[in-house]
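**Student:** Here's a structure for you.
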Amino acid sequence: MKIPRLFVPAVLFAALAVPAFAAPQWKLVWADEFNGASINPRYWSKIERGKPDWKNTMSSDPSLFAVKNGKLILRGKVNPNTKKDPSPYITGGISTQGKFSFRYGKIEIRAKLGCAQGAWPALWMLPEKGGWPDAGEIDIMEHLNFDDVAYQTVHSRYTWTLKRNNPRPGSTGKIRRDDFNVYGVEWHPDKLVFLINGKETFTYPRVPAEAKNGQWPFDKPFYVLVDMQLGGGWVESSGKVNPAHLPVEMQVDWVRVYRDANLKTR
-14 MKIPRLFVPA VLFAALAVPA FAAPQWKLVW ADEFNGASIN PRYWSKIERG
36 KPDWKNTMSS DPSLFAVKNG KLILRGKVNP NTKKDPSPYI TGGISTQGKF
86 SFRYGKIEIR AKLGCAQGAW PALWMLPEKG GWPDAGEIDI MEHLNFDDVA
136 YQTVHSRYTW TLKRNNPRPG STGKIRRDDF NVYGVEWHPD KLVFLINGKE
186 TFTYPRVPAE AKNGQWPFDK PFYVLVDMQL GGGWVESSGK VNPAHLPVEM
236 QVDWVRVYRD ANLKTR
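Everything in the sequence shown is counted per the working numbering, starting at -14 for the first residue and increasing by one.
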């Protein structure tokens, strides 16, 4: 028996054959492999001390920074000279503020995190313009104490000031605590996709109906921060910094940023 040929209109066939959104085509646009002898000043500046918890022990002390064997090393330690600097601890951090920022794309950072009571290493992003929290914050990775998970979170007026958690603003993902892991975010115009070792941990979508509440401030250039902090209200909620565990360090193998060649908006 002759089977009748199925008729599919050409327009419908084209709609079925071509996906609505092409899969991302990632092209490397910026990277630091830390293959030199020191931190590259074209890319990075040392984070200065400030009042917020995440920077209240930051220091430019040279002992807190190193580039060796293709790795960036940032340290946190007991302050050896409290007469010169009253902070009980000093920590190192760097950022690309004013030197490199991007809007949309993919960022991946391969890092190994040291553990200590009160240790709070972080890989994250802030906007070049605008105040916190309204202008947004993207936390690629935060780690506390001896945890075997990493925290990945977004902050904004919507999540911080209004305390909205739908959609949920963060999640945790398992890590190889004593080894290197790759932490990443795919930043699209309509969503942020968080990853650990190439596996998706959670997605934070843009919700147009909540635009008036500041739900999606992620439409402007952000810069990159890498810091090895000690102490602060969040990490010390489970106990104060233990000086017997110090010094502690974070090693960063590389930082890589990609753009989606299929995305015309830059």
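For glycine and all other residues, C-beta sits at the position ideal for the given N, C-alpha and C.
1. Going by the beta-carbon positions, is the gap between Ser45 and Leu129 smaller than 9 Å?
2. Buried or exposed for Ser321, going by 16 or more other Cβ atoms inside 10 Å?
3. Measure the Cβ-Cβ separation of Glu246 and Gln10 and say whether it is below 9 Å.
4. Can the beta-carbon of Pro112 be found closer than 9 Å to that of Gly99?
5. Roughly how many angstroms lie between the CA atoms of His140 and Met110, to the nearest whole one?
6. State the CB to CB distance for the pair Arg294 and Glu234, rounded to an integer number of angstroms; the pair is presumed to be in contact (CB under 8 Å).
7. Does DSSP put Arg251 in a helix, a strand or coil?
8. Give a yes or no on whether the C-beta atoms belonging to Gly90 and Tyr243 are separated by under 9 Å.
9. Counting pairs of beta carbons, one from the region 66 to 75 and one from the region 173 to 180, are three or more of them closer than 8 Å?
10. Among Phe131, Val134, Arg153 and Pro206, which residue has its Cα nearest to the Cα of Thr188?
11. In chain order, what residues of the same chain lie with their CB nearer than 6 Å to the CB of Phe(-8), ignoring the 5 residues before and after it?
12. Which partner residues of Ala96 appear in the DSSP bridge assignment?
13. Pull the bridge partners of Val52 from the DSSP assignment, please.
14. Which of the three DSSP states, helix, strand or coil, is assigned to Ser222?
15. Determine whether the beta carbon atoms of Pro37 and Gly115 lie at a separation below 9 Å.
16. Quick check on this structure: which residue in Pro193, Lys31, Lys148 and Asp70 has the alpha carbon closest to the alpha carbon of Ala51?
17. Classify Asn166 as buried or exposed, calling it buried when 16 or more other Cβ atoms lie within 10 Å of its own Cβ.
18. Out of Pro206, Ala22, Ser72 and Asp70, which has the shortest C-alpha to C-alpha gap to Leu57?
19. Suppose contacts are defined by Cβ-Cβ distances below 9 Å. Is Thr144 in contact with Pro118 by that definition?
20. Would you kindly check if the distance between the Cβ of Leu231 and the Cβ of Lys62 is under 9 Å?
21. Could you check if Leu108 is buried or exposed, using at least 16 other CB atoms within 10 Å of its CB as the buried criterion?
22. Measure the CB-CB distance between Asp227 and Gly35 and report whether it falls below 9 Å.
23. Is there at least one non-hydrogen atom of the ligand MG closer than 8 Å to the beta-carbon of Val134?
**Tutor:** Inspection of the coordinates gives the following:
1. no
2. As displayed, the chain neither begins before -14 nor continues past 251, which places residue 321 out of reach and without an answer.
3. According to the sequence displayed, residue 246 carries Ala and not Glu. Against a cut-off of 9 Å, the Cβ pair of Gln10 and Ala246 comes out as a contact.
4. no
5. 11 Å
6. Limits of the chain in this structure are -14 at one end and 251 at the other, which puts residue 294 out of reach.
7. Residue placement at Arg251 is poorly supported in this model, since its pLDDT is 46, which falls under 50; the coordinates still yield a value, given next. Residue state, collapsed to three classes: coil.
8. yes
9. no
10. Arg153
11. Confidence is the limiting factor: at Phe(-8) the pLDDT is only 36, short of 50, which leaves the residue's position unreliable, though a coordinate-based value still follows. Within the same chain, Phe(-8) has no close Cβ partners at all.
12. Asn166 and Val237
13. Leu57
14. helix
15. no
16. Lys31
17. buried
18. Ala22
19. yes
20. yes
21. buried
22. The amino acid at residue 227 is misidentified as Asp; the sequence shows Asn. In this structure, Gly35 does not lie closer than 9 Å to Asn227 by Cβ.
23. This structure lacks the ligand MG, and indeed carries no ligand of any kind.
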